[in-house]
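Line by line, the protein sequences give chains A and B. Note that the UniProt record's numbering gives residue 133 to position 133 of the first sequence, counting from 1, and the numbers run on in steps of one. Note that the UniProt record's numbering gives residue 143 to position 143 of the second sequence, counting from 1, and the numbers run on in steps of one.
Number of protein chains: 2
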Amino acid sequence: MERREQILVAAAEEFDRVGFAAATIAAIARGAGVSQGALYFHFPTKLALALGVIDEQNVRTFDVVSHTEQSPAAALVGASHAIADLLRTDPIVRAGIRLSLERGEFHAATVSFYEQWIGGIVDVFRLAIAAGELRTDLSAEQLGATVVPYFTGVQLVSDVRTGRSDLFPAVATMWRVVLTATADPAHRDRLLGVVDETFSGRGVRGRGTT
Amino acid sequence: MERREQILVAAAEEFDRVGFAAATIAAIARGAGVSQGALYFHFPTKLALALGVIDEQNVRTFDVVSHTEQSPAAALVGASHAIADLLRTDPIVRAGIRLSLERGEFHAATVSFYEQWIGGIVDVFRLAIAAGELRTDLSAEQLGATVVPYFTGVQLVSDVRTGRSDLFPAVATMWRVVLTATADPAHRDRLLGVVDETFSGRGVRGRGTT
């Protein structure tokens with residue numbers, strides 16, 4: 001790991017543990033195993049560190065959504081599984097999402113994070129409607145604007161209640177609700193099957209390799 | 001307002017503005033217009049203040065759910081509207097819900113908050129299933145455990161994106177998704193009508209008085 005990333009990971013761990021306000025540069029430098037001077041060389045302020053974590057989290061989470069799949073609805077399910085996986089394993093993603101719910105100094109970065117997310121998901125919902133997978137009175141815009149908060153709440157409450165150990169089944173229930181409400185009857189069983197397969201623990205990655 | 005409540009409101013405003021870690025007893029005492037000594041008499045620590053805010057928020061939000069209605073599903077919709085209204089107008093409810101998503105020292109109070117909430121909502125979903133309003137593969141437990149996080153995420157993202165000015169339409173969309181997925185076909189149109197009426201701005205309170 002190069003030094004800049006080492007510092008970002010240490011900052012993420014500290015922000016995730018105590019929040020932005022209580023985090024200190026000294027603790028972050030200690031966590032990264034660098035001097036405070038070396039830290040300031042890369043990130044002149046605590047705010048710069050937080051924005052660095054949020055940016056890096058954006059990159060890592062948007063990466064998982066960009067796969068091409070023939071079924072747009074299935075692609076969304078797969079992306080949510082991948083992000084849930086990152087939330088369980090990647091301190092930068094965990095801290096970035098935590099910081100994005102804090103107030104004040106991050107506000108601009110945070111709003112743009114949600115706008116980007118919702119915009120990206122709206123595009124995929126639009127494809128899913130065009131492909132006939134979904135048939136619903138709700139527009140692609142309404143679906144994107146409700147699924148992103150739904151996922152946000154599911155992962156937060158899972159964190160509070162179980163330290164995210166029930167995150168996969170909780171996200172699976174989210175998709176059962178959303179797809180039962182919106183899937184075209186001709187696609188419903190297939191899409192609910194994708195949810196079961198994706199979150200069963202066997203996972204879509206195993207397909208074809210066993 | 002008695003002095004204890006005055007202090008709790010000032011604490012709520014400060015916690016809501018800057019979060020727990022950055023809030024100071026001095027600022028809270030100033031906001032309440034009392035001396036720090038008077039404040040310590042009621043709340044010996046900052047943690048005691050936060051737990052006081054969380055407790056008071058619990059009381060205020062549970063109050064709105066306890067109305068009896070002939071339609072359990074409609075009662076849930078009405079309760080969510082009342083809580084959305086409190087989130088827009090009551091600093092104690094706003095701060096209590098914000099604190100309940102922080103980590104560390106509140107963890108016990110926070111977990112019990114979600115368990116109580118989910119338990120209460122599960123009971124109403126059970127009634128709605130028994131009354132034949134809902135017919136779904138999801139159990140009352142799964143419904144309660146997914147609707148509470150859904151609402152949590154909707155109000156948080158509405159706060160970040162619009163300062164909660166789109167909270168009512170966002171909660172209405174949540175119910176359209178949940179009820180389309182779960183309502184018995186014989187009750188679906190009526191329940192979607194309840195959602196429209198409740199969140200249209202005319203509001204259920206106006207019924208019969210106009």
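Where a beta carbon is used, it is the ideal one built from N, C-alpha and C, also for glycine.
| Asked | Found |
| --- | --- |
| contact_flag[the segment 78 to 93 of chain B, the segment 178 to 191 of chain B] where n(CB pairs < 8 Å) is 3 or more | no |
| Sequence-distant residues of its chain with Cβ nearer than 7 Å to Pro72 (chain A) (five each side left out) | Val124, Leu127, Ala128, Ala131 and Glu133 |
| Start-to-end residues for the alpha helix (DSSP H) that takes in Leu127 (chain A) | His107 to Ala130 |
| Interface residues of chain A facing Val148 (chain B) [CB-CB closer than 7 Å] | Val157 |
| Runs of alpha helix (DSSP H) wholly within the segment 159 to 204 of chain B (minimum 4 residues, chain order) | 167 to 182 and 185 to 199 |
| DSSP bridge partner residues for Leu134 (chain A) (one or two, in chain order) | A:Ala183 |
| Under 8 Å between C-beta atoms of Thr146 (chain B) and Thr173 (chain A) | yes |
| Stretch pair the segment 103 to 117 of chain A + the segment 48 to 55 of chain A: three plus CB contacts closer than 8 Å | yes |
| Cα-Cα separation between Pro91 (chain A) and Gly78 (chain A), rounded to whole angstroms | 21 Å |
| Contact check, Phe168 (chain B) vs Glu102 (chain B), beta carbons under 8 Å | no |
| Min CB distance Thr209 (chain A) to chain B below 8 Å | With a pLDDT of 34 at Thr209 (chain A), under the threshold of 50, the modelled position of that residue is not reliable, and the figure given next carries that caveat. Thr209 (chain A) does not count as touching chain B. |
| Pick from B:Glu115, B:Val34 and B:Ile25 that is closest to Glu14 (chain B), judged by C-alpha positions | B:Ile25 |
| Alpha-carbon to alpha-carbon, Gln70 (chain B) and Arg94 (chain A) | 43 Å |
| Three-state secondary structure assigned by DSSP to Thr209 (chain B) | Below a pLDDT of 50, predicted positions are generally treated as unreliable, and Thr209 (chain B), at 34, falls in that range; the measurement from the model is reported next regardless. DSSP places Thr209 (chain B) in coil when its eight states are reduced to three. |
| Neighbour flag for Gly33 (chain A) against chain B, beta carbons, 8 Å | no |
| Contact with chain B by Gln70 (chain A), beta-carbon distance below 8 Å | no |
| Selection from A:Asp16, A:Gly163, A:Asp166 and A:Val178 that minimises the alpha carbon distance to Tyr150 (chain A) | A:Val178 |
| First and last residue of the uninterrupted alpha helix (DSSP H) at Val34 (chain B) | Neither: Val34 (chain B) is in no alpha helix (DSSP H) and is coded neither H nor E. |
| Closer than 8 Å to chain B by CB, Gln142 (chain A) | yes |
| Interface residues of chain A facing Ala21 (chain B) [CB-CB closer than 9 Å] | Val18, Gly19, Phe20, Ala21, Ala22 and Ala23 |
| Simplified DSSP state of Pro44 (chain B), which is helix, strand or coil | coil |
| Closer than 9 Å at the beta carbon, the chain B residues around Ala181 (chain A) | Arg176, Val177, Val178, Leu179, Thr180, Ala181 and Thr182 |
| Alpha-carbon spacing of residue 252 (chain A) relative to Arg30 (chain B), whole angstroms | Residue 252 (chain A) is absent from the structure shown; chain A starts at 1 and stops at 210. |
| C-beta neighbour in chain B for Ala87 (chain A), strict 8 Å | Note on residue identity: the sequence assigns Leu, not Ala, to residue 87 (chain A). Chain B, which has no Cβ nearer than 8 Å to the Cβ of Leu87 (chain A), makes this no. |
| Own chain partners of Thr136 (chain A) with C-beta closer than 8 Å, once the 5 adjacent residues on each side are dropped | Ile129, Leu143, Ala181 and Thr182 |
| Endpoints, alpha helix (DSSP H) assigned at Gln6 (chain A) | Arg3 to Ala22 |
| Pairwise C-alpha distance: Ala11 (chain B) and Ala23 (chain B) | 8 Å |
| Start-to-end residues for the alpha helix (DSSP H) that takes in Asp90 (chain B) | Element bounds for Asp90 (chain B): n/a, residue is neither H nor E. |
| Residue burial classification, Gly33 (chain B) (beta-carbon count within 10 angstroms, cutoff 16) | exposed |
| Rounded straight-line distance, which links the Cα of Ser35 (chain B) to that of Trp175 (chain B) | 46 Å |
| Closest Cα partner of Gly119 (chain B) within the set B:Lys46, B:His42, B:Gly193 and B:Phe62 | B:Phe62 |
| Contact set for Arg4 (chain B): own chain, Cβ-Cβ below 6 Å, skip 5 residues either direction | His42 |
| Rounded straight-line distance, which links the Cα of Gly96 (chain B) to that of Leu8 (chain B) | 11 Å |
| Proximity test, Cβ basis, 8 Å: Gly132 (chain B) and chain A | no |
| Neighbour flag for Phe151 (chain A) against chain B, beta carbons, 8 Å | yes |
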